[in-house]
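Visitor: Chains as they are written, first to last, in UniProt numbering: chain F, 1 to 397; chain U, 1 to 72. Beta carbons: idealized from backbone N, C-alpha and C, even for Gly. Just so you know, these numbers come straight off a predicted model, no measurement behind them. Got a structure here, written out as structure tokens. Questions coming.
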Amino acid sequence: MSASLHTVPSLPAERRPGCPFDPPAELLEAQQHGPISRYTHPGGKPGWMITGYDLVRSVLADPRFSSRKDLLNVVDFELPPAPPGEFLLMDDPEHSRYRKPLVGRFTVRRMRMLTERIEQITAECLDAMEAAGPSADLVAAFAKPIPTIVICEILGVPYEDRASFQEQIDAFMGGEVSDEELIAAYTATQEYLARLVAAKRANPTDDVLSELTDSDLTDEELKGISLILLAAGFDTTANMLSLGTYALLRNPDQFAALRDDPALTDGAVEELLRYLSVAKTFHRTALEDVELGGRTIEAGTTVVLSFHTANRDAGRFADPHALDLGRQAGGHLAFSHGIHQCLGQQLARVEMRVAFRALVDRFPTLRLAVPAEEVALRPESADIFGVKSLPVTWDAK
Amino acid sequence: MTAPRLTADRDRCIGAGMCAMTAPEVFDQDDDGLVLLLHPEPPADHRTAARLAVGLCPSAALALHDPAAGDP
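Here it is as structure tokens:
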């Protein structure tokens with residue numbers, strides 16, 4: 001092991017041209033030097049960048065590392081605590097007070113029971129896409145509507161509100177609107193959710209949000225929870241579906257393998273999760289001095305965990321930069337690890353299994369309608385990576 | 001030879017469902033999403049999946065005690 005300590009330039013770093021699925025060169029280079037590197041947060045504060053699988057996983061499972069927003073030591077000013085209900089940015093016991101009432105709604109069995117409904121939603125999207133074909137923007141026709149409809153139905157967002165709601169979430173998740181637009185979209189979403197919570201409390205319907213009004217959670221807290229569930233519930237899955245399809249189309253042998261073998265579907269979803277890692281990085285702050293990979297992380301220092309490079313760690317996954325749908329990709333960190341591991345992962349799995357399967361079955365000749373390098377990618381400043389649009393075409397039947 | 005024995009700590013469980021997904025014959029989730037241990041001493045043909053599930057548990061709520069491997 002090298003004794004010298006590698007230093008990583010501040011993120012965001014853009015991906016290399018022609019390598020839209022790989023982590024930025026700066027992070028891959030850091031990983032070559034070792035699993036932990038010196039890092040300066042964009043706000044100027046010194047920190048650490050963790051790129052190795054084992055270390056990322058161990059930090060995620062370590063209660064000496066905090067998720068609290070107000071402890072983040074990345075800028076010169078103090079950050080406020082997480083708003084009520086936004087439990088991703090809290091530690092226990094606050095975190096589990098919010099998470100506990102939710103986990104029963106997202107179990108493996110309950111999510112599998114949604115399979116038929118998700119197949120129906122997917123078929124309707126594909127019907128519309130086919131009728132308007134033989135070309136489409138896969139993001140607008142497929143990747144966005146499926147998870148949007150699903151999470152809105154689970155939560156209880158009325159059908160007529162979905163389009164405007166999706167636009168607002170797009171604005172603050174896309175990473176490329178001005179601060180003013182960002183605040184406007186965020187405020188509009190907050191106001192909408194406040195009205196929705198009030199409506200569910202007054203007239204409960206058959207959905208998760210109505211069920212939660214029966215708990216001890218306040219309206220403000222329910223609003224925060226709804227925001228997390230909606231944002232996490234569709235931006236992530238939508239980008240997995242669109243970026244995943246792009247990856248399959250750039251690896252035609254893998255596309256053909258999935259198309260020709262339905263038994264490959266579940267494993268393909270895990271491999272796409274590993275390979276793409278659309279939720280790229282997360283932060284943790286040391287609550288005390290912690291020895292990590294031969295270094296001391298001082299109390300109060302914030303580390304960046306690079307999920308994407310961890311999932312490309314050659315020590316954990318052989319030939320890590322190859323998309324190989326047949327591999328055992330289990331144990332990937334795409335849904336994180338530790339107490340914050342994705343609440344909606346079983347829903348995401350069902351959505352992706354259904355949607356990818358139906359897509360390759362319906363359009364066995366699917367291909368890009370533009371040169372591969374012209375597909376517009378989200379900027380690295382977006383929390384969730386993905387494509388902005390994906391022009392595709394197919395042979396009409 | 002004593003068979004491997006599983007334990008599940010429902011206080012540590014966060015309801016991610018990794019075990020019920022990985023070894024559905026051995027683990028389930030109750031209505032609150034928390035782990036239910038169906039077979040504390042899983043039959044031989046489910047042991048590999050059970051071992052995998054223990055390794056995948058995000059909150060270290062599961063443990064496998066295998067006397068043959070020297071575990072207590």
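Please confirm whether methionine 108 of chain F has its beta-carbon closer than 8 Å to some beta-carbon of chain U.
Guide: Here residue 108 of chain F turns out to be valine, not methionine, going by the sequence shown. Closer than 8 Å to some Cβ of chain U, the Cβ of valine 108 of chain F qualifies, so yes.
Visitor: Under the rule that 16 or more other beta-carbon atoms within 10 Å means buried, what is glutamate 77 of chain F, buried or exposed?
Guide: According to the sequence as given, residue 77 of chain F is phenylalanine; it is not glutamate. Looking at its Cβ environment, which holds fewer than 16 other Cβ atoms inside 10 Å, phenylalanine 77 of chain F is exposed.
Visitor: Compare the C-beta of aspartate 9 of chain U with all C-beta atoms of chain F and state if any pair is closer than 8 Å.
Guide: No, aspartate 9 of chain U lies away from the interface with chain F (no Cβ there is under 8 Å from its Cβ).
Visitor: What's the gap between the Cα of proline 320 of chain F and the Cα of leucine 28 of chain F?
Guide: So the alpha carbons of these two residues sit roughly 12 Å apart.
Visitor: Taking any Cβ of chain U, which residues in the region 339-360 of chain F have a Cβ under 9 Å from it, in chain order?
Guide: If the cut-off is 9 Å between Cβ atoms, the region 339-360 of chain F has Ile339, His340, Gln341, Cys342, Leu343, Gln345, Gln346, Arg349 near chain U.
Visitor: Taking a cut of 9 Å between CB atoms, which residues from the region 327-338 of chain F lie near chain U?
Guide: Cβ contacts with chain U come from Gly330, Gly331, Phe335, Ser336, His337, Gly338.
Visitor: From the beta carbon of valine 103 of chain F, is the nearest beta carbon of chain U less than 8 Å away?
Guide: So yes, valine 103 of chain F belongs to the interface.
Visitor: Listing by chain order, which chain U residues have their CB less than 9 Å from the CB of alanine 263 of chain F?
Guide: Those do not exist, as alanine 263 of chain F stays about 17 Å from chain U at its closest Cβ, beyond 9 Å.
Visitor: Let me know the secondary structure DSSP gives valine 74 of chain F once reduced to three states.
Guide: DSSP places valine 74 of chain F in coil when its eight states are reduced to three.
Visitor: What's the C-alpha gap between leucine 323 of chain F and glycine 267 of chain F?
Guide: Roughly 12 Å between the two C-alpha positions.
Visitor: In chain order, what residues of the same chain lie with their CB nearer than 7 Å to the CB of isoleucine 384 of chain F, ignoring the 5 residues before and after it?
Guide: Correct list, in chain order: Met173, Asp235, Thr236, Asn239, Val278, Ala279.
Visitor: For the pair the region 306-319 of chain F and the region 21-35 of chain F, tell me if three or more CB-CB distances fall below 8 Å.
Guide: Yes: at least three Cβ pairs fall under 8 Å.
Visitor: Contact criterion: CB-CB distance below 8 Å. Does proline 58 of chain U meet it with respect to chain F?
Guide: Cβ-Cβ to chain F under 8 Å: yes for proline 58 of chain U.
Visitor: Closer than 9 Å between beta carbons: that is the criterion. Which residues of the region 44-73 of chain F meet it against chain U?
Guide: From the region 44-73 of chain F, only Leu60, Ala61 have a Cβ closer than 9 Å to chain U.
Visitor: Between the region 10-24 of chain U and chain F, which residues of the former have a C-beta closer than 7 Å to a C-beta of the latter?
Guide: Of all residues in the region 10-24 of chain U, Ile14, Gly15, Ala16, Gly17, Ala20, Met21 have a Cβ within less than 7 Å of some Cβ in chain F.
Visitor: For chain F, check one thing: does any of its Cβ atoms lie closer than 8 Å to the Cβ of aspartate 66 of chain U?
Guide: So, not an interface residue.
Visitor: Since histidine 65 of chain U is in the beta strand (DSSP E), which residue starts that stretch and which ends it?
Guide: Histidine 65 of chain U -> beta strand (DSSP E) spans 62-65.
Visitor: Determine, using beta carbons only, whether arginine 195 of chain F comes closer than 8 Å to chain U.
Guide: Arginine 195 of chain F does not count as touching chain U.
Visitor: State the DSSP-derived secondary structure class of leucine 350 of chain F, mapped to helix, strand or coil.
Guide: Before going further, note that residue 350 of chain F is valine rather than leucine in the sequence given. It is helical.
Visitor: On the premise that leucine 182 of chain F lies in contact with alanine 171 of chain F, defined as a C-beta separation below 8 Å, what is that separation, rounded to the nearest angstrom?
Guide: Contact holds; Cβ gap of about 7 Å.
Visitor: Taking contact to mean at least 3 C-beta pairs separated by less than 8 Å, is the region 33-48 of chain U in contact with the region 18-25 of chain U?
Guide: Touching, per the Cβ criterion.
Visitor: I'd like the list of long-range same chain contacts for glycine 293 of chain F, defined as Cβ closer than 6 Å, with 5 residues on each side in sequence excluded.
Guide: Excluding positions up to five away in sequence, the list reads Pro35, Ile36, Leu55.
Visitor: Which of helix, strand or coil does DSSP assign to residue 436 of chain F?
Guide: Because chain F spans 1 through 397 in this model, residue 436 of chain F falls outside it and cannot be assessed.
Visitor: Taking 8 Å as the CB-CB limit, is arginine 378 of chain F close to chain U?
Guide: With 8 Å as the cut-off, arginine 378 of chain F does not count as an interface residue toward chain U.
Visitor: Contact criterion: CB-CB distance below 8 Å. Does serine 381 of chain F meet it with respect to chain U?
Guide: Cβ-Cβ to chain U under 8 Å: no for serine 381 of chain F.
Visitor: What does DSSP give as the partner residues of valine 392 of chain F in its beta bridges?
Guide: F:Ala136, F:Leu368, per the DSSP bridge assignment.
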